[in-house]
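As structure tokens, the structure follows; a few thoughts come after it.
Here is the structure:
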């Protein structure tokens, strides 16, 4: 029984601020709830558990009108129609504008950095002239052909803004407005964050304070994380977050400029709260800034234990670590046919784990594959299948399921399609998509492990280290010099092969050139696996050293593979051949002997499987199976290419016979059967069966198709709203065009 902790949490949630009407009744009701909570604690021998402060502190209103001054300019905040979104107005002065070489084109230094861009979803900054928006022209187009500008056009290029206007019009009020999202989410949960970090919590602007009344309790520890965006001003003190208990300072933090944007964890010891209660206050002072306080909670103070297995109840649910290497082919590991060890840490994990020999992704590229991994649904069900689509809100996500049943949940990713904007952060207490380097990603995950208490953890760690553009570190080159001939760079390989491609006169010659290019890139791609492995192995080692692994579970997989010249193709998202669809799946579960499992597996099976490992009933709507209890006669595996239009392909794998079908709706009855491969006899898919064994293929399709006919979309597909920074990140990875 945990009656005491539940009621104390409810008390913190229900204590209201004074209100003009019904104040006496509200105070009496709060006192009654507090008395019940304390009585329950006295009856219950179990210690009070962690209490979230989010319900009591969320959604501090922003000031209306002038907020502060910055370098002599007044900054004003104006609310948007979107809940939680505000516009920061910064004025130009007439003296800011300087003439350029072009008639009626003026230039001014940016009066304000893009403070809101990093944490915005769906809206961008703009220029207002007398309160009306000017028309933005891309900087490249404007500077290449200034004659195309008309009065009222503007362009932002680096640290300068260009405006086409008659000189007399510059005396009008001209403002740069940039968005600032202070929170998002519905009434049930407030989500805050910036710089790729999201979580439950609250936001504070410089000059604001927010407080809550704490009920009586023993000595506690206040734990929370922060990230911030700021406008440093040499004339003012650096911004600082102060935490006070009944007016006395208990904690203060002053992030240096290098730390702005990073997630920092704070642990603050608090004395026992007396029977009368105490007031806990957060205040942000100094430079214009916005700080986001994530997952603030009170915990009982207890000695820190290095060995988690000793510190926890032996009957507690297992900790779960899910590692995903983006674009990681199965045959990078010897368990799947690699001729030599490129990833020694993952090889050790494989020797201690169940190796699922035949595992396929649900899609051939990142977004729909991750959506299937988290939702337990096929792409035709969840709908996140285009470059700008997002997960709808209705499907139950794995992290939501685990969190609702007592898990602390955290994700550490390298962003792009694995970002909150695409609906993948649902259910995670903290979703950290701020890093661009696998070592930094692992460091962020380890910092979260430092905050562990008695609650079970679900930690997801993702990296693009093996995604293009390919590169190899000096350490990888040294370690693999006897195994691989690694090119100097991807650009060097491209320059070497571009002439061959230009000289190709026939489709066959062009295909041969593409295949040769892929083979030349392969050593550089494979060297990336060594760099990724070094970081993941460090995380696995720390996980085990700190005791999480004694009763926990580790899963390693990928969202898809990569074509490296096979079938004259390069990259992913372009075919359903196994070099793209097949992925590794290693599951190390304490108490389960290592071994190999030849049954077919899919990423959609992981939600049910991991829930079973946690000792939880699965969500009924999940499509997949529990891989450890699945019986023979498993249904076919289905994977979708998810390319929009009539050329969409789907692979259906039944008894290791792979069928490739095509059509605008490849899962329908009239889908065209294009090819078939016997993966037992022809694992490289070089000998199509359709002509020689048409009857066998049609029979297999008759078994593989019926489950698809029963699938219906879980909800209408959602549309992702992308800011400029996220678009640039996707372009860097080869998506959305350049």
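Numbering (the working numbering), first residue to last: 651 to 1388.
Ideal Cβ positions, reconstructed from N, Cα and C, are used throughout, including at glycine.
Just so it is clear, the structure is predicted and the values come from calculations on it, not from any experiment.
Please classify residue 753: is it buried, with 16 or more other beta-carbons within 10 angstroms of its beta-carbon, or exposed?
-> exposed
Let me know the secondary structure DSSP gives residue 890 once reduced to three states.
-> strand
For residue 740, I'd like the list of residues in its chain whose CB is within less than 7 Å of its CB, leaving aside the five on either flank, ordered along the chain.
-> 723, 725, 761, 762, 825, 826
Looking at C-alpha atoms only, which residue of 813, 798, 742 is the closest neighbour of residue 804?
-> 813
Is residue 1255 buried or exposed, if buried means 16 or more other CB atoms sit within 10 Å of its CB?
-> buried
In this structure, does DSSP put residue 1190 in helix, strand or coil?
-> helix
Where does residue 1133 fall in DSSP's three states?
-> coil
To the nearest angstrom, report how far apart residue 1382 and residue 1098 are at their CA atoms.
-> 28 Å
Going straight from the alpha carbon of residue 935 to that of residue 1213, what length do you get?
-> 53 Å
Residue 1210 burial status per 10 Å Cβ neighbour count (16 or more: buried) = buried
Beta-carbon separation of residue 943 and residue 1004 under 9 Å?
-> no
How many angstroms separate the CA atom of residue 816 from the CA atom of residue 719?
-> 29 Å
Locate the alpha helix (DSSP H) running through residue 943, then write down its first and last residues.
-> That residue, residue 943, is in no alpha helix (DSSP H); its beta strand (DSSP E) goes 939-950.
Contacts around residue 1181, its chain only, beta-carbon distance under 8 Å, and the 5 residues preceding and following it disregarded = 1088, 1115, 1122, 1123, 1125, 1126
Exposure of residue 1025, with buried meaning 16 or more beta-carbon neighbours within 10 Å | buried
Determine the extent of the beta strand (DSSP E) in which residue 851 is found, giving its start and end residues.
-> 847-855
Applying the criterion that 16 or more other CB atoms from any shown protein chain within 10 Å of the CB defines a buried residue, is residue 823 buried or exposed?
-> exposed
Cβ pair residue 1220, residue 1178 closer than 9 Å | no
Between residue 1238 and residue 1204, what straight-line distance do the alpha-carbon atoms span, to the nearest angstrom?
-> 5 Å
Residues that residue 858 bridges to, as DSSP identifies them | In the DSSP output, where bridge partners are listed per residue, residue 858 has none listed.
Where residue 1267 sits in the DSSP three-state scheme = coil
In three-state DSSP terms, what is residue 896?
-> coil
Can you tell me which of 1200, 1152, 918 puts its alpha carbon nearest to the alpha carbon of residue 902?
-> 918
Between the CA atoms of residue 758 and residue 731 - distance to the nearest angstrom | 30 Å
Buried versus exposed, by CB contacts within 10 Å (16 or more), residue 775 = buried
So, do the segment 922-931 and the segment 851-867 have three or more beta carbon pairs nearer to each other than 8 Å?
-> yes
Rounded to a whole number of angstroms, what is the C-alpha to C-alpha distance between residue 1130 and residue 997?
-> 16 Å
The beta strand (DSSP E) spanning residue 1288 covers which residue range?
-> 1287-1290
Find out if the Cβ-Cβ distance for the pair residue 1393, residue 989 is shorter than 9 Å.
-> Because the chain is modelled from 651 through 1388, residue 1393 falls outside the range shown and cannot be assessed.
Taking the alpha-carbon positions, what's the residue 1299 to residue 1013 distance?
-> 10 Å
Residue from 742, 1324, 1184, 1305 with nearest C-alpha to residue 995 = 1184
Through-space distance from residue 811 to residue 742, alpha-carbon basis = 11 Å
For the segment 848-857 against the segment 1072-1080, are there 3 or more C-beta pairs whose distance is under 8 Å?
-> yes
Complete runs of the alpha helix (DSSP H) confined to the segment 1027-1078 [at least 4 residues] = 1029-1032, 1048-1054
Within the same chain, show all residues whose beta-carbon is closer than 7 Å to that of residue 821, passing over the 5 residues directly before and after it, in chain order.
-> 744
For residue 678, which of helix, strand or coil comes out of DSSP?
-> Note that residue 678 scores a pLDDT of 41, beneath 50, so its modelled location is shaky; the value from the coordinates is reported in the next line. In the structure shown, residue 678 sits in a helix (DSSP, three-state: H, G or I).
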